[in-house]
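>
There are 2 protein chains.
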Amino acid sequence: MVKSIGYLGPCGTFSHEAAELYAQGQSCTLMEFVSIQDVLYAVKDNVISEAIVPIENSLEGAVNVTLDVLAKEEGLYIKGELILPVSLNLVVRKGTLPGDITAIMSHPQPLGQAREYLNRCYPKADQIEENSTSKAAQRVSEGDGTYAAITSRTAAKINGLDVLAADIQDVANNHTRFVIISKEYSKRTGCDKTSIVFSTDNKPGSLYRVLDIFSLWDINMTRIESRPSKNALGQYIFFIDIDGHIEDQDVYDAMTMIKRKTSFYRFIGSYPMIKGKI
Amino acid sequence: MVKSIGYLGPCGTFSHEAAELYAQGQSCTLMEFVSIQDVLYAVKDNVISEAIVPIENSLEGAVNVTLDVLAKEEGLYIKGELILPVSLNLVVRKGTLPGDITAIMSHPQPLGQAREYLNRCYPKADQIEENSTSKAAQRVSEGDGTYAAITSRTAAKINGLDVLAADIQDVANNHTRFVIISKEYSKRTGCDKTSIVFSTDNKPGSLYRVLDIFSLWDINMTRIESRPSKNALGQYIFFIDIDGHIEDQDVYDAMTMIKRKTSFYRFIGSYPMIKGKI
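Taken in order, these protein sequences are the chains called U and A. Here our numbering = 1-based position in the first sequence + 845. Here our numbering = 1-based position in the second sequence + 845.
#1: Between Ile1123 of chain U and chain A, is there a C-beta pair that is closer than 8 Å?
#2: Is Lys980 of chain U buried or exposed, if buried means 16 or more other CB atoms sit within 10 Å of its CB?
#3: Starting from Lys1075 of chain U, follow the alpha helix (DSSP H) in both directions and report where the run begins and ends.
#4: Along the chain, where does the alpha helix (DSSP H) containing Val888 of chain U start, and where does it finish?
#5: Give a yes or no on whether the C-beta atoms belonging to Ile1041 of chain A and Ile1085 of chain A are separated by under 8 Å.
#6: Kindly indicate which residue of A:Ser1108, A:Thr996, A:Val1016 and A:Leu904 has the alpha-carbon position closest to the one of Glu862 of chain A.
#7: Quick check on the DSSP output: the alpha helix (DSSP H) that includes Glu987 of chain U runs from which residue to which?
#8: Interface residues of chain A around Asp971 of chain U at Cβ under 7 Å?
#9: CB Tyr1053 of chain U to CB Ser872 of chain A, shorter than 8 Å?
#10: At a CB-CB cut-off below 8 Å, which residues of chain U make contact with Glu1070 of chain A?
#11: Just confirm the distance between the C-beta atoms of Ile946 of chain U and Ala982 of chain U, as a whole number of angstroms; I'd bet it's less than 8 Å.
#12: Can you check the segment 999 to 1039 of chain U for any beta strand (DSSP E) of at least 3 residues that lies completely inside it and give the ranges in chain order?
#13: Measuring CA to CA, which of U:Asn1004, U:Thr978, U:Ser1074 and U:Val1008 is closest to Pro899 of chain U?
#14: By how many angstroms is the C-alpha of Val1096 of chain A removed from the C-alpha of Trp1062 of chain A?
#15: If you reduce the DSSP assignment to three classes, tell me which class Lys1122 of chain A lands in.
#16: Kindly indicate if chain A contains any beta-carbon less than 8 Å away from that of Tyr1116 of chain U.
#17: Is the number of C-beta pairs between the segment 933 to 949 of chain A and the segment 881 to 894 of chain U that are closer than 8 Å three or more?
#18: Mind checking if Ala981 of chain A is an interface residue toward chain U, Cβ cutoff 8 Å exclusive?
#19: Tell me whether Ser894 of chain A sits in a helix, a strand or coil according to DSSP, three-state version.
#20: I need the DSSP call for Cys856 of chain U, collapsed to helix, strand or coil.
#21: Determine the closest residue to Ala889 of chain A out of A:Gly870, A:Met876 and A:Gly920, with distance taken between C-alpha atoms.
#22: By the criterion of Cβ-Cβ separation under 9 Å, what are the contact partners of Phe1059 of chain A in chain B?
#23: Could you tell me whether the Cβ of Leu956 of chain U comes closer than 8 Å to any Cβ of chain A?
#24: Run down chain A in chain order and give the residues with a C-beta less than 9 Å from the C-beta of Gln1014 of chain U.
#25: Between the C-alpha atoms of Gly1050 of chain U and Phe1083 of chain U, what's the straight-line distance to the nearest angstrom?
#26: Can you tell me whether DSSP reads Lys848 of chain A as helix, strand or coil?
#27: Would you mind working out which of U:Tyr1110, U:Met1118, U:Leu929 and U:Asn934 sits nearest Lys917 of chain U, comparing C-alpha positions?
#28: Between Ala1099 of chain U and chain A, is there a C-beta pair that is closer than 8 Å?
#29: Exposed or buried, what is Pro968 of chain A when buried is set at 16 or more other beta-carbons lying within 10 Å of its beta-carbon?
#30: Out of U:Met1066, U:Ile1003, U:Ile1013 and U:Glu926, state which residue places its alpha-carbon closest to the alpha-carbon of Thr858 of chain U.
#31: Mind listing which residues of the segment 901 to 917 of chain U have their C-beta closer than 9 Å to chain A's C-betas, in chain order?
#32: What do you reckon, are the CB atoms on Tyr1081 of chain U and Asp1015 of chain U nearer than 8 Å?
#33: Just by C-beta distance, which residues in the segment 1009 to 1033 of chain A are closer than 7 Å to chain U?
#34: Does any residue of chain A bring its CB to less than 8 Å from the CB of Pro953 of chain U?
#35: From the DSSP output, in three-state form, read off Gln972 of chain A for me.
#36: Compare the C-beta of Ile1103 of chain A with all C-beta atoms of chain U and state if any pair is closer than 8 Å.
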């Protein structure tokens, strides 16, 4: 069976770019979906073998929907990651002038990544959430010339749109980290990362006691992200990335202890670490 | 001088409700602003004495813009907090039927709090980000009958709109925590909370070493929230809430140590703890 990889489409999204990069040299087919949620559930339902989805951006932070599905659904694992530089462009139909723009469309993440630019240059324009940056470009091309989209150069080209302003993200150095989601995690390479999600009892010091376990086993934590438990305000679940593979004896032992000390625990994958600085 | 309190308007937003609740029994005037950013900068620029803004929601998590301004701007302090139950309603102009709705407007937070409902019931409708829930209601009242807003009952009433569906948030028990921002923090009451924001060197174990300081001084951490540093992917700043007042000797000593062990540190306020469960 040829491997199928799902991504947030249509053609020209940053997810599409990431998917093409990931697919290079592999024998596989790419398949587009209309939302991040749909891509992830397609893996769960065996419609595709793998999904590639954004998980965090260097300006706007965590992609909530990706984290929320990984916490909720059992049997989905991160098997790899990929970092993409993201340059955002304000694009319009040929002939549209800045003064004509009444609405600006994009995915919520790029709208957040260009928040200061939009407040400064287009304080009165509506900000319309689309499912993807390319969908936004498509809508602008079908529009009446009063719309703009925040999107990639590729999507602008595909839809025959002009770039009115390039690199509009609030900080030049903008990167998005994508993860590859599958029903299996990756084999040990000797230079790996592991991701888990857990919640603790709502007692003083309970998060610290879990982090203490990493310290006891000399395990380096590289990221902690909290999300609401959705049960009550002030209760959280924690996403943690550490160095090492679940099959490393130390990581395995530490995780066994963490499982004992948490009210909810889920291993969400071990995968090769990306080397070098971005 | 009469105290002036700013909030995210217009009339009928959840922020407005929180501001009215907070103003009860005080001699003060309320002043509305068009964005959360604007309210906060009005305190900084001495246009108003205090602001009341949302900081986290039990379903959708942190309000990024509030955290980002508090980390960036010196001299703004949290002096109190207030928790509000939030019931979201889908409202329309009289006569609009579910099948007529092509676009649904609200603030990004309520759009996130009703994400599953919207995907299930209105997968094809545009989701339009407005600066506030009441602004969304206003726009629907001026619209052509194909728009809906996610808003409060008060905003529906003010704008003469019908409630098509009530309590549409994805989990019934939905609360938003608001904070009162001022140029001064609160006096010690003996039952207080303290908020700080900091970043650590990008070295193994550096976050753990900071949390270890709380443990050494027996200080209970009640919340940790990470946000990107915006310099590079994988670098974060951390917002932490602890029990105690900055004038408690233990808290003061622990903070002095934390200042020494972090590359960036900012105290953002001590204030009375809200008692009882929500």
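Note that beta-carbon positions come from the ideal geometry of N, C-alpha and C, so glycine has one too.
This is what the structure holds:
#1: Here residue 1123 of chain U refers to the residue found at position 278 of the first sequence. Legend: pLDDT at Ile1123 of chain U = 45, less than 50; position of this residue unreliable, no value from coordinates given.
#2: Start at 1 with the first residue of the first sequence, and residue 980 of chain U comes out as number 135. Classification of Lys980 of chain U: buried, given that the 10 Å Cβ count is 16 or more.
#3: Translated into positions along the first sequence, residue 1075 of chain U becomes position 230. Where Lys1075 of chain U is concerned, there is no enclosing alpha helix (DSSP H), given that its DSSP letter is neither H nor E.
#4: Locating residue 888 of chain U in the first sequence gives position 43, counting from the first residue. Following the DSSP letters along the chain, one finds Val888 of chain U inside the alpha helix (DSSP H) bounded by residues Ile881 to Lys889.
#5: Along the second sequence, one-based indexing puts residue 1041 of chain A at 196. Along the second sequence, one-based indexing puts residue 1085 of chain A at 240. Yes. Within cutoff.
#6: For the purposes of this step, residue 862 of chain A is identified with residue 17 of the second sequence, where counting begins at 1. Nearest C-alpha to Glu862 of chain A: A:Thr996.
#7: Here residue 987 of chain U is taken as the residue at index 142 of the first sequence, counted from 1. Looking at the DSSP string, the run of the alpha helix (DSSP H) that includes Glu987 of chain U is Thr978 to Glu987.
#8: Position 126 of the first sequence, counting from 1, holds the residue named residue 971 of chain U. What Asp971 of chain U touches in chain A: Ile973.
#9: Within the first sequence, the letter at position 208 stands for residue 1053 of chain U. Within the second sequence, the letter at position 27 stands for residue 872 of chain A. No, the Cβ-Cβ distance between Tyr1053 of chain U and Ser872 of chain A is not below 8 Å.
#10: On the second sequence, position 225 is the one that residue 1070 of chain A refers to. Residues of chain U passing the Cβ test: Ser1071.
#11: Locating residue 946 of chain U in the first sequence gives position 101, where the first residue counts as 1. Locating residue 982 of chain U in the first sequence gives position 137, where the first residue counts as 1. Contact check for Ile946 of chain U and Ala982 of chain U: beta-carbon distance about 14 Å, past the 8 Å limit, so the pair fails to qualify.
#12: 1007 to 1010 and 1020 to 1027
#13: Residue 899 of chain U sits at position 54 when you count from the first residue of the first sequence. Pro899 of chain U has its Cα closest to that of U:Thr978, out of U:Asn1004, U:Thr978, U:Ser1074 and U:Val1008.
#14: On the second sequence, residue 1062 of chain A is found 217 positions in, with the first residue counted as 1. On the second sequence, residue 1096 of chain A is found 251 positions in, with the first residue counted as 1. When rounded, the distance between both Cα atoms is 8 Å.
#15: In the second sequence, the residue the question calls residue 1122 of chain A occupies position 277. Residue placement at Lys1122 of chain A is flagged as unreliable, the pLDDT there being 44, under the threshold of 50; the coordinate-derived value follows with that caveat. The answer is coil: DSSP assigns Lys1122 of chain A none of H, G, I, E or B.
#16: As a working mapping, residue 1116 of chain U is identified with position 271 in the first sequence. For Tyr1116 of chain U, no CB of chain A lies under 8 Å from its own CB, so it is not counted at the interface with that chain.
#17: No: the two stretches stay apart, fewer than three of their Cβ pairs being nearer than 8 Å.
#18: Position 136 of the second sequence, counted from the first residue, corresponds to residue 981 of chain A. Closer than 8 Å: no.
#19: Against the second sequence, residue 894 of chain A aligns to sequence position 49. Coil.
#20: One-based indexing of the first sequence puts residue 856 of chain U at position 11. The answer is coil: DSSP assigns Cys856 of chain U none of H, G, I, E or B.
#21: Mapped onto the second sequence, residue 889 of chain A falls at position 44. In the sequence under discussion, the amino acid at residue 889 of chain A is Lys, which differs from the Ala named in the question. When only C-alpha atoms are compared, the closest one is A:Gly920.
#22: This model lacks chain B altogether; the protein chains it does include are U and A.
#23: The residue you call residue 956 of chain U lines up with position 111 of the first sequence. True, the Cβ-Cβ gap to chain A drops below 8 Å.
#24: Locating residue 1014 of chain U in the first sequence gives position 169, counting from the first residue. Near Gln1014 of chain U there are no residues of chain A at all, since even the closest Cβ is about 10 Å away, more than 9 Å.
#25: Locating residue 1050 of chain U in the first sequence gives position 205, where the first residue counts as 1. Locating residue 1083 of chain U in the first sequence gives position 238, where the first residue counts as 1. Going from the Cα of Gly1050 of chain U to the Cα of Phe1083 of chain U covers about 14 Å.
#26: Looking up residue 848 of chain A in the second sequence gives position 3. Here Lys848 of chain A sits in strand by DSSP.
#27: Working through the first sequence from its first residue, we reach residue 917 of chain U at position 72. Nearest option by C-alpha distance: U:Tyr1110.
#28: Taking the first sequence and counting its residues from 1, one reaches residue 1099 of chain U at position 254. Output row for Ala1099 of chain U: interface = no.
#29: For the purposes of this step, residue 968 of chain A is identified with residue 123 of the second sequence, where counting begins at 1. Exposed, since its Cβ has fewer than 16 Cβ neighbours within 10 Å.
#30: Numbered from its first residue, the first sequence carries residue 858 of chain U at position 13. Ranking U:Met1066, U:Ile1003, U:Ile1013 and U:Glu926 by Cα distance to Thr858 of chain U puts U:Ile1003 first.
#31: Close to chain A, meaning a Cβ-Cβ distance shorter than 9 Å, are the following residues of the segment 901 to 917 of chain U: Glu901, Asn902, Ser903, Leu904, Glu905, Gly906, Ala907, Asn909, Val910 and Asp913.
#32: The residue given as residue 1081 of chain U occupies position 236 in the first sequence. The residue given as residue 1015 of chain U occupies position 170 in the first sequence. Not closer than 8 Å, so no.
#33: Val1016, Asn1018, His1020 and Arg1022
#34: In the first sequence, counting from the first residue as 1, residue 953 of chain U sits at position 108. Closer than 8 Å to some Cβ of chain A, the Cβ of Pro953 of chain U qualifies, so yes.
#35: Here residue 972 of chain A refers to the residue found at position 127 when the second sequence is read from its first residue. Looking at Gln972 of chain A - three-state DSSP - the assignment turns out to be strand.
#36: In the second sequence, the residue the question calls residue 1103 of chain A occupies position 258. No, its Cβ sits nowhere closer than 8 Å to a Cβ of chain U.
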